[in-house]
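Chains as they are written, first to last, in numbering that gives the first Met the number 0: chain Y, 0 to 187; chain P, 0 to 492; chain V, 0 to 209; chain B, 0 to 172.
See structure below.
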Amino acid sequence: MKQTKLGILLYVILIIPPITTYMESIMLVHMLIQFPLLILAGWLIGEWVLERWPYHFLKWDANGIAGIILVIFITTYWMFPRAMDESLTIWHIELFKFISLPLVGILLRNSWRKLTIIGRSFVFLNYLSMFGLMGWFYIDSPVQICNNYLEIEQQMLGWGFVVITGIMIVYVLQKCFISGTKSNVNQI
Amino acid sequence: MSEMMVRLKSRNNLIVTQMVVTGLTVIVGMIFGIIMLLVQGGMIEAMPATFYQFLTIHGTFMIGAAALAATAIMWYFLSHYVELSKKILKINLVLFIIAAVMVTVGTFSFEYAGAWTFLYPLPALSASAWGTIGALFYLIGMLVMGVGFLLLFIDSGRAIIKKYGSLGKGLGWDVIIGKKAEKDAPPPAVVASTMVTIVNTTALLSGSTVLIMNIINVINPAFTFNPLLAKNLTYAFGHIFANATIYMGVIVVYELLARYTKRPWNSSRVFLVFWTMSTFFTLLVYPHHLLMDSVMPRWMLIMGQVLSYANGLPVLVVTAYGALMIVYKSGIKWDMASGLAYLSMLGWTIGVIPAIVDSAIVVNHVMHNTKWVPGHFHMYMGLGVIAMTFSFMYFLAKNDNGLKETMVDKTAFFMYMFGLIGVSGSFLTSGAISTPRRFATHLPEWMGPAQFGAVAGILVVIAITIFVIHFIRYISVRNKGNIGSDYYDKKLA
Amino acid sequence: MIKNWRNVVAIILAIVLGSLLIYFGTDGFHAFTEESARTYQLHQEKPLFPRVMLEDNKERVYPFSEFEDKYVLITFFYTACTDVCPVLEMNFAEVYDQIPEKYIGEDIVFLSISFDTKHDKPAVLENYRKSFGSDGETWRMARIPNQTELDNLLKKFGVIVIPEGNGHFQHNSAFYLVNRKGYLEKVMDYEKVDEAAQTVVSVLEKEAGE
Amino acid sequence: MVQMVAWITSLVFMLLIAAVFLVVAIKSKEKREYEPIVKKWYKARTFYGAILVILIIGVSLYTLRLIPFNQPVYSEGEEPTIVDVEAFQFGWNITETEFKVGEPVEFHVTSQDVNHGFGIYDEDMEIIAQTQAMPDYTNKVYITFDEPGTYEILCLEYCGLAHHQMVAELVVK
Numbered sequence: 000m001k002q003t004k005l006g007i008l009l010y011v012i013l014i015i016p017p018i019t020t021y022m023e024s025i026m027l028v029h030m031l032i033q034f035p036l037l038i039l040a041g042w043l044i045g046e047w048v049l050e051r052w053p054y055h056f057l058k059w060d061a062n063g064i065a066g067i068i069l070v071i072f073i074t075t076y077w078m079f080p081r082a083m084d085e086s087l088t089i090w091h092i093e094l095f096k097f098i099s100l101p102l103v104g105i106l107l108r109n110s111w112r113k114l115t116i117i118g119r120s121f122v123f124l125n126y127l128s129m130f131g132l133m134g135w136f137y138i139d140s141p142v143q144i145c146n147n148y149l150e151i152e153q154q155m156l157g158w159g160f161v162v163i164t165g166i167m168i169v170y171v172l173q174k175c176f177i178s179g180t181k182s183n184v185n186q187i
Numbered sequence: 000m001s002e003m004m005v006r007l008k009s010r011n012n013l014i015v016t017q018m019v020v021t022g023l024t025v026i027v028g029m030i031f032g033i034i035m036l037l038v039q040g041g042m043i044e045a046m047p048a049t050f051y052q053f054l055t056i057h058g059t060f061m062i063g064a065a066a067l068a069a070t071a072i073m074w075y076f077l078s079h080y081v082e083l084s085k086k087i088l089k090i091n092l093v094l095f096i097i098a099a100v101m102v103t104v105g106t107f108s109f110e111y112a113g114a115w116t117f118l119y120p121l122p123a124l125s126a127s128a129w130g131t132i133g134a135l136f137y138l139i140g141m142l143v144m145g146v147g148f149l150l151l152f153i154d155s156g157r158a159i160i161k162k163y164g165s166l167g168k169g170l171g172w173d174v175i176i177g178k179k180a181e182k183d184a185p186p187p188a189v190v191a192s193t194m195v196t197i198v199n200t201t202a203l204l205s206g207s208t209v210l211i212m213n214i215i216n217v218i219n220p221a222f223t224f225n226p227l228l229a230k231n232l233t234y235a236f237g238h239i240f241a242n243a244t245i246y247m248g249v250i251v252v253y254e255l256l257a258r259y260t261k262r263p264w265n266s267s268r269v270f271l272v273f274w275t276m277s278t279f280f281t282l283l284v285y286p287h288h289l290l291m292d293s294v295m296p297r298w299m300l301i302m303g304q305v306l307s308y309a310n311g312l313p314v315l316v317v318t319a320y321g322a323l324m325i326v327y328k329s330g331i332k333w334d335m336a337s338g339l340a341y342l343s344m345l346g347w348t349i350g351v352i353p354a355i356v357d358s359a360i361v362v363n364h365v366m367h368n369t370k371w372v373p374g375h376f377h378m379y380m381g382l383g384v385i386a387m388t389f390s391f392m393y394f395l396a397k398n399d400n401g402l403k404e405t406m407v408d409k410t411a412f413f414m415y416m417f418g419l420i421g422v423s424g425s426f427l428t429s430g431a432i433s434t435p436r437r438f439a440t441h442l443p444e445w446m447g448p449a450q451f452g453a454v455a456g457i458l459v460v461i462a463i464t465i466f467v468i469h470f471i472r473y474i475s476v477r478n479k480g481n482i483g484s485d486y487y488d489k490k491l492a
Numbered sequence: 000m001i002k003n004w005r006n007v008v009a010i011i012l013a014i015v016l017g018s019l020l021i022y023f024g025t026d027g028f029h030a031f032t033e034e035s036a037r038t039y040q041l042h043q044e045k046p047l048f049p050r051v052m053l054e055d056n057k058e059r060v061y062p063f064s065e066f067e068d069k070y071v072l073i074t075f076f077y078t079a080c081t082d083v084c085p086v087l088e089m090n091f092a093e094v095y096d097q098i099p100e101k102y103i104g105e106d107i108v109f110l111s112i113s114f115d116t117k118h119d120k121p122a123v124l125e126n127y128r129k130s131f132g133s134d135g136e137t138w139r140m141a142r143i144p145n146q147t148e149l150d151n152l153l154k155k156f157g158v159i160v161i162p163e164g165n166g167h168f169q170h171n172s173a174f175y176l177v178n179r180k181g182y183l184e185k186v187m188d189y190e191k192v193d194e195a196a197q198t199v200v201s202v203l204e205k206e207a208g209e
Numbered sequence: 000m001v002q003m004v005a006w007i008t009s010l011v012f013m014l015l016i017a018a019v020f021l022v023v024a025i026k027s028k029e030k031r032e033y034e035p036i037v038k039k040w041y042k043a044r045t046f047y048g049a050i051l052v053i054l055i056i057g058v059s060l061y062t063l064r065l066i067p068f069n070q071p072v073y074s075e076g077e078e079p080t081i082v083d084v085e086a087f088q089f090g091w092n093i094t095e096t097e098f099k100v101g102e103p104v105e106f107h108v109t110s111q112d113v114n115h116g117f118g119i120y121d122e123d124m125e126i127i128a129q130t131q132a133m134p135d136y137t138n139k140v141y142i143t144f145d146e147p148g149t150y151e152i153l154c155l156e157y158c159g160l161a162h163h164q165m166v167a168e169l170v171v172k
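Printed below as a string of structure tokens:
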């Protein structure tokens, strides 16, 4: 239960208004730090959730596919420039953010271990190309896409995505081309 | 029947189904192709809308069929060496059929005619020729097909890594650097599969990215993307995906000729080096499709030309040369399977020549997007990949069932060979006289080669139909419970 | 298959829920950015131009209702702007030129509203208008001296202005067409001049035909 | 011109390859040990591979000397005529369509909507130059017409149902 406590602590810190406001004031931090931290909080809390209702997850999401589909949809939604804008101006979108992203973490924790290697690789590769596209999109966009952020911030976010994509590519390459011992090869 | 036999049979069943789907798709695709040539030759009339729908369907079906057949070949032989997932193969086939239906509905019911290259922003901006729904059917269909293939290649990558340790080792890098002896090198089938896994995963990722860009743009045209990025992604996808079919298909040549001549076709160090070169070149040469975009970075275009030249080396020096060497004074028994395998190497090698010629920037300046381009790939794909496909079919029929080949089959072989040389030759001639590619109508001076091509095309369709009939005969014999004598599989068991 | 019916249900449910989220999150795939959402919403809502006092380039002061019974085509800008606004006003001038003369001043008035109240005094506006060929009568440039009124207008019309602190602003741009009754009729892309001019002319013609 | 060279070069190499395949197929009837064949032909391969590499380097250097998208160096006092070309579904907006023989011309080609191809055909309907017309970007073609006559512009990138009807004319006097 150590993870759960940590998760709750993280979540509480994230919803403290000054911290929230600060994080949201910088576009890069908003999308690439606050979002992932919220997901991480969910993942940690997932420890308790999965223990509390193990059978529900087993029954309804035995192979992890339903969970991962929801994860993909929710994260895709949060990648729209509009969702980010609206979370600043409309309170119920902000509320939805603080509920849906931790939910992503919980679902991800359950689904990820149930997915086969093929499923995991598929999801991973899709995020890789999606992040690459987002990077290009935010850097190259000739207009300001978000009303609440300056263009320069938008480009910084774009570069953030490019860096993440780069790291993901390096990860894939080292997994596929630098073989370790047989045992860890099995878990791409 | 032993458990092993049952497993093998169910595995072969899937492959056989996949080959039937391919064979039928190829015939349908060819018929559309002939109709287009007839229209261009002024022998029949069709509305431009109809012509371009046929163009779209022809391209999509042929690329799809080639990929499906090639993956069947790769899967069949690769599964002798590594443990592949049958479930994934099945999922891929199902997704492919769904995709084919969606593409057909989009094209014929909703009049989508944006060509198989769906060059952004054409799907969205059709000058009101087709609507959102048609474009979405087509694009999502392609996306579904992409998902199937992506899963398949993730699976092959997983299996190769599991058996050999890494994709690098699948390409035999440890043999190249001398850490492992040549005799322990991965067999050619594994090397080729590894190469294709690497390049096709990349291709499919760029393809799905540009498809999603197109889909968003079609749904909401206010949302635009950078057209040059889209073009790069499209050709990275199209070029690699089309090329990879021959690198999968060639596995059947490696396996068959070695067996027929009873000579070993092993992975030597040179062989491995050249396959690694092929891997990189195939990934890097797609800018030769963009030579006529002077806004591209100059170094990319020059790289496109130089690497296209260099990319001819592996096939000219290793693969084709190896095939010639193994056949030379071998006392080989020629039949349909070995004959088609040998013919496919000829098709591949001579198909590479016009491609190399056209990849020179000065030549491309006057030959890009003329019929020279289809001339090259009809040779390369038609006489290359398709010959490999039918070589594999005859191999399965003979190996599994000992089904006899007749004079009709032999006649079909020559009809097919001369027919396709005729088709490709007519395209190349058209290209040399500046006939533009993808034109619904031709000027009178362009019509001659098109008419010739149409006649040659009819020969090819007849030949292919005979091939497919032979295969269907094999299936009907097979279904009578006469499980064959796949000596190879038995040996494995 | 049957034994994991729950899984199948869950997968279908996930797809349906996810699609609904994306669908409503983008107003039925219409708006991926807030800007497009805003335009879409404005077209749905057609807000009323609020009561404001304008002070124009000739130092005349009057309420917006001065233009009652005329169409008003509006842009929002500030004169110190170095990137978007000059283009915006240039394009505005092109639209002005494309409207048949018989409508100008009679049925339609052009109005550029500055949101830089402090800096853009009438004299500045008077100077600025000349560089775009505005006549100061049928195409006026004006500011709204009362900050509260200005803010209210910007909010109603969804104009977003972020001061950068160095005398510059980040803002969004468009052509706004307000009808004779003072309601917002259309929001048009300022980069597509011909399209905007056509839209305005067709609105005017349609009325004349009635 | 270039087309003919390309066609003949390709034909020669293709026939050469086909001949080799034919000879090997005929020789396949004999049966010999594989070892000596491998030994002999591996040696030959090294030689043959080296020749190919040299050929490739030579041809690359030769063909890359003058790549068509390098702006030509104009002589003193000579100004090229700059012509803006805009392609659209389905036609061409060309700012100038009459030229003189020997006059250097730069076509700056772009597109309003989708990708098109800007192909210049001479009187004999042979392509003499081309570039892609794409939205948001401007590609350039440099050309000096050597012969008077009527030249045609055809679209060389599939752009929709009237793709084959996108024709324009240039007159060179």
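Idealized CB from N, CA, C, for every residue including glycine.
Selected residue, minimal CA-CA separation from residue i, among the options
i                 : options                                   : result
Leu100 of chain Y : Y:Ile138, Y:Leu36, Y:Met22 and Y:Asp139   : Y:Leu36
Tyr246 of chain P : P:Ser329, P:Thr208, P:Ala98 and P:Val190  : P:Val190
Thr131 of chain P : P:Gly105, P:Lys182, P:Tyr253 and P:Leu118 : P:Gly105
Leu155 of chain B : B:Met133, B:Val170 and B:Val104           : B:Met133
Ile71 of chain Y  : Y:Gln173, Y:His29, Y:Ile38 and Y:Asp84    : Y:Ile38
Met344 of chain P : B:Ile55, B:Met0 and B:Met13               : B:Met13
Thr193 of chain P : P:Ala336, P:Ala354, P:Ile250 and P:Arg437 : P:Ile250
Cys80 of chain V  : V:Leu20, V:Val202 and V:Asn165            : V:Asn165
Ser86 of chain Y  : Y:Ser24, Y:Ser140 and Y:His55             : Y:Ser24
Leu493 of chain P : P:Thr55, P:Val25, P:Thr49 and P:Ala68     : Since the first residue of chain P shown is 0 and the last is 492, residue 493 of chain P is not available in this structure.
Asn231 of chain P : P:Gly303, P:Met46, P:Met276 and P:Ala336  : P:Gly303
Under 7 Å from the C-beta of residue i: neighbouring residues of chain V
i                 : result
Lys58 of chain Y  : Arg5
Thr115 of chain Y : Simply none; closest approach about 14 Å.
Contact list for residue i against chain B, beta-carbon separation under 8 Å
i                 : result
Thr369 of chain P : Ile126 and Leu155
Contact list for residue i against chain P, beta-carbon separation under 8 Å
i                 : result
Ile138 of chain Y : Per Cβ cutoff of 8 Å: no residues; Ile138 of chain Y is ~10 Å from chain P at best.
Cross-chain neighbours of residue i in chain V, by beta carbon under 9 Å
i                 : result
Leu149 of chain Y : Ile161, Glu163 and Gln169
The region 157 to 168 of chain P contacting the region 129 to 145 of chain P, beta-carbon criterion three pairs below 8 Å: no
Residues of the region 84 to 98 of chain B whose Cβ lies closer than 8 Å to any Cβ of chain P, in chain order: Gln88 and Phe89
Any 3 or more C-beta pairs closer than 8 Å across the region 350 to 370 of chain P and the region 419 to 433 of chain P: yes
4-residue-minimum alpha helix (DSSP H) runs that sit fully inside the region 184 to 249 of chain P, ordered along the chain: 187 to 218
Continuous alpha helix (DSSP H) assignments of at least 4 residues falling wholly in the region 76 to 148 of chain V: 83 to 97 and 121 to 129
Chain P contacts made by the region 13 to 45 of chain B, where a contact means CB separation under 8 Å: Met13, Ile16, Ala17, Val19, Phe20, Val23, Ala24, Lys26, Ser27, Lys28, Glu29, Lys30, Arg31, Tyr33, Ile36, Val37, Trp40 and Arg44
Touch test, the region 106 to 123 of chain V against the region 59 to 73 of chain V, Cβ-Cβ under 8 Å, three pairs minimum: yes
Contacting positions in the region 56 to 85 of chain Y - beta carbon closer than 8 Å to chain V: Lys58, Trp59, Asp60, Ala61, Asn62, Ile64, Ala65, Gly66, Ile68, Leu69, Ile71, Phe72, Ile73, Thr75, Tyr76, Phe79, Pro80, Arg81, Ala82, Asp84 and Glu85
At least 3 beta-carbon pairs within less than 8 Å: the region 36 to 43 of chain P vs the region 437 to 454 of chain P: yes
Length at least 3, wholly inside the region 374 to 399 of chain P: the beta strand (DSSP E) runs in chain order: none
Any 3 or more C-beta pairs closer than 8 Å across the region 207 to 227 of chain P and the region 117 to 124 of chain P: yes
Contact between the region 170 to 186 of chain P and the region 92 to 112 of chain P (3+ Cβ pairs under 8 Å): no
Within the region 63 to 135 of chain B, ranges of the beta strand (DSSP E) (whole runs, at least 3 residues): 80 to 87, 90 to 93, 103 to 110, 115 to 120 and 126 to 132
Stretch pair the region 43 to 63 of chain Y + the region 101 to 115 of chain Y: three plus CB contacts closer than 8 Å: yes
Minimum length 4: unbroken alpha helix (DSSP H) runs contained in the region 251 to 326 of chain P: 268 to 283, 297 to 312 and 319 to 326
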